[in-house]
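Single-structure report; data block below.
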Amino acid sequence: MIRHAYSSISQLKPQVCIVGSGPAGFYCAHQILKVLPSCTVDIYERLPVPFGLVRYGVAPDHPEVKNVINTFTKIGEDPRVNFYGNICLGQDVCLGDLKQAYHAVVLCYGADNDRKLNIPNENGGNIVSARSFVGWYNGLPQDANLQVNLDCEEATLLGQGNVAMDVARILLTSVDELKSTDITEHSLEALSRSRIKCVHLIGRRGPLQVAFTIKEFREMIKLNNVRTEFRTEQLAGVNEALADLQRPRKRLSELILKSASPDENKSNASKYFRPIFLRSPKEFQLDGSGHVSGVQCAVNKLEGPVEKPNAVETERRELIPCGIAFRSIGYQSVCVDPAVPFDEKSCTVVPTEDVYSAGWLATGPVGVILSTMSSAFEVGQRIGQDLMSNSGAAAKPGSGHVLNIVKNKGIPIVSWEGWKAIDAEETRLGKLKGKPREKFVSVEQMLSVSGIR
65 MIRHAYSSIS QLKPQVCIVG SGPAGFYCAH QILKVLPSCT VDIYERLPVP
115 FGLVRYGVAP DHPEVKNVIN TFTKIGEDPR VNFYGNICLG QDVCLGDLKQ
165 AYHAVVLCYG ADNDRKLNIP NENGGNIVSA RSFVGWYNGL PQDANLQVNL
215 DCEEATLLGQ GNVAMDVARI LLTSVDELKS TDITEHSLEA LSRSRIKCVH
265 LIGRRGPLQV AFTIKEFREM IKLNNVRTEF RTEQLAGVNE ALADLQRPRK
315 RLSELILKSA SPDENKSNAS KYFRPIFLRS PKEFQLDGSG HVSGVQCAVN
365 KLEGPVEKPN AVETERRELI PCGIAFRSIG YQSVCVDPAV PFDEKSCTVV
415 PTEDVYSAGW LATGPVGVIL STMSSAFEVG QRIGQDLMSN SGAAAKPGSG
465 HVLNIVKNKG IPIVSWEGWK AIDAEETRLG KLKGKPREKF VSVEQMLSVS
515 GIR
């Protein structure tokens, strides 16, 4: 029965469309082709360039994480895979167009928004989204003109996840160490003028519940000329709790305790990293010009089990001074087309008969590339099996239908060859500066190099 169904759908050459060319999109394409070798997979991307968060979310001083691009490149160069860049779902094409053209549509466009704190004065000057700041130093076109004033000595990060740690590390790392990475030239110039000497990392709960991982924390405590300083009273009880912790949490907690001891090698450090626990931001304090001057926080106490306690606010308050504040409490997916089966509460896509989702759009913005791979493989497997069982499927026009719509609107389309031209020029420009690449930070620059204009 399965063999007969496979034969039937194979003769039709199943057409699958993937929206989004980040890790979820490429891993999903890989798995679909593994299950259905006769399939054609078309990947549509809002930007002229592929790779999503691997290109625009991974910190520039983490080049080893970006090696996964080699795997994605092999998938992109498979003759059964087509890349179409500079096409935006909900703007250039609608979901109905894609459903008409393909047997299955997979939405993998990630989480573009960041969660708000919803506290007074959140729109004040120099209060910045950590997501936007990451996009700014990584060359994401929409964040290229982000207004960031680093002419202050203290920065506050609200959130204690890996994104917050990335931002803290970039703020405290010497420009001499960053200039050989693929960090953008405009951000490198701004960081070279930075006066920031101290970064506060604020979290609602305690040291046993931090969201950052041991790799990121180890990098932070090893930074040259940076001393990590904890409030010793906030580490009370950690040592006693070690025996009951799972191994990853235990190792991280042990390292936190070890790093809290004075390091003679860092006694002359001129910069400071200061994690602060049990604090919930309640209000931003602004100076006379409307710029942030501090964060008013509630002092919390923990109630419940160590693994997942509740942070309960007390009446005590603490004002933490800063000249710039970064909001880093998570990302959110958005509904880009009214026809997308989007759950507003969870901010995820609910799969339907011919519309699937993978990555953060399916699971919520949690996990790393490895967890995204697992999610995407599972979805790709399911799509392949669904198509094999759909023996009565009619032929679909595929990319021809969609590209006609886009071309009729006068929108330039970037092919895989166009991306390779952009890649080659970025690499050439980077080599001149001793960097892996110098990223183009505007869509117009990318299009001009791609051979379209």
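The sequence shown begins at 65 in the working numbering and counts up one residue at a time.
Don't be surprised by glycine CBs; every beta carbon is placed ideally from N, CA and C.
Only a predicted model underlies this, so the values are computations on that prediction, with no experimental measurement involved.
Spatially closest choice to residue i from the options, by CA coordinates
| i | options | result |
| --- | --- | --- |
| T292 | Q349, K322, Q273 and E304 | K322 |
| E508 | K98, G86 and P112 | P112 |
| G154 | H167, V470, D351 and V363 | V470 |
| A219 | Q211, T491, V192 and L242 | V192 |
| M229 | D327, Q445 and F390 | F390 |
| G199 | N182, T237, T248 and C152 | T248 |
| K286 | A305, S238 and D308 | S238 |
| E379 | E371, I388, K365 and P373 | K365 |
| T436 | V80, R381, V118 and K98 | V118 |
| I359 | L342, E382 and I477 | Residue 359 is actually Val in this sequence, not Ile. When each option's Cα is compared against that of V359, the closest is E382. |
| R446 | E408, D308 and L100 | L100 |
| L319 | N329, L299, K330 and D308 | L299 |
| E502 | Y91, L236, L242 and G160 | L242 |
| P385 | S334, P114, A458 and R338 | R338 |
| S334 | G448, S506, K138 and L236 | L236 |
Residues of its chain near residue i, where Cβ-Cβ distance is below 6 Å and the 5 sequence neighbours each way are ignored
| i | result |
| --- | --- |
| I340 | H264 and I266 |
| A175 | Y395, Q396, S397, W424 and P429 |
| P184 | E347 |
| V227 | A194 and S392 |
| T245 | P124 and D125 |
| V274 | Q224 |
| I151 | Y108 and V470 |
| W480 | G140 and F147 |
| E489 | V513 |
| S74 | Note that S74 scores a pLDDT of 47, beneath 50, so its modelled location is shaky; the value from the coordinates is reported in the next line. Same-chain partners within the cutoff: S102. |
Under 7 Å between C-beta atoms of residue i and residue j
| i | j | result |
| --- | --- | --- |
| C262 | Y336 | yes |
| V105 | A93 | yes |
| N202 | Y120 | yes |
| S357 | D351 | yes |
| K77 | S102 | yes |
| A165 | H465 | yes |
| S325 | V302 | no |
| L171 | S453 | no |
| L221 | A208 | no |
| A440 | Y173 | no |
| C81 | L162 | yes |
Start-to-end residues for the alpha helix (DSSP H) that takes in residue i
| i | result |
| --- | --- |
| I285 | I278 to I285 |
| S421 | Note, S421: premise wrong, no alpha helix (DSSP H); beta strand (DSSP E) at V419 to S421. |
| T137 | V132 to G140 |
| D487 | W480 to L496 |
| G199 | A194 to N202 |
| E109 | Note, E109: premise wrong, no alpha helix (DSSP H); beta strand (DSSP E) at T104 to E109. |
| E253 | E249 to S256 |
Whole-angstrom distance between residue j and residue i, CA atom to CA atom
| i | j | result |
| --- | --- | --- |
| F147 | K495 | 26 Å |
| E367 | S256 | 44 Å |
| S196 | P205 | 10 Å |
| I475 | G482 | 15 Å |
| A362 | V376 | 9 Å |
| L596 | I278 | As shown, the chain starts at 65 and ends at 517. That puts residue 596 outside it, with no answer to give. |
| N332 | V290 | 9 Å |
| A485 | G149 | 13 Å |
| V443 | Q349 | 46 Å |
| S72 | V83 | Note on S72: pLDDT 46, under 50, position unreliable in the model; no value is reported. |
| V419 | L467 | 20 Å |
| S514 | I96 | 28 Å |
| S410 | R144 | 34 Å |
| D240 | N288 | 11 Å |
| L342 | E297 | 11 Å |
| D259 | V157 | Just to set this straight, residue 259 is Arg in the shown sequence, not Asp. Straight-line Cα distance between these residues: approximately 46 Å. |
| P402 | S463 | 22 Å |
| T427 | R295 | 35 Å |
| N472 | T135 | 34 Å |
| T416 | H250 | 43 Å |
Contacts around residue i, its chain only, beta-carbon distance under 8 Å, and the 5 residues preceding and following it disregarded
| i | result |
| --- | --- |
| P500 | P127, T245, D246, T491 and G494 |
| A69 | Residue placement at A69 cannot be trusted, given a pLDDT of 40 that sits under 50; what the coordinates show is reported in the next sentence. Hits under 8 Å: M452, S453, N454 and S455. |
| I66 | Note that I66 has pLDDT 38, beneath the 50 cutoff, so the model's placement of it is unreliable and the number below is only indicative. Answer for I66: M452 and S453, listed in chain order. |
| A305 | L272, S317 and V370 |
| E280 | N226, M229, D230 and R233 |
| I133 | F115, V118 and R119 |
Nonlocal neighbours in the same chain, by C-beta distance under 7 Å from residue i, ignoring five residues either side
| i | result |
| --- | --- |
| H355 | G188, G189 and N190 |
| F406 | C399 and V413 |
| K460 | Q79, A165, Y166 and H167 |
| N213 | N190 and I388 |
Segment limits, beta strand (DSSP E) that includes residue i
| i | result |
| --- | --- |
| P339 | K335 to I340 |
| K365 | V356 to E367 |
| H264 | C262 to I266 |
| V80 | Q79 to V83 |
Residue-level contact to chain B via CB, residue i, 7 Å cutoff
| i | result |
| --- | --- |
| G89 | Among the protein chains of the structure shown there is no chain B, as only one such chain exists. |
Residue i: CB within 6 Å of a non-hydrogen atom of the ligand ATP
| i | result |
| --- | --- |
| T491 | With respect to small molecules bound, the structure shown includes none, and the ligand ATP cannot be examined in it. |
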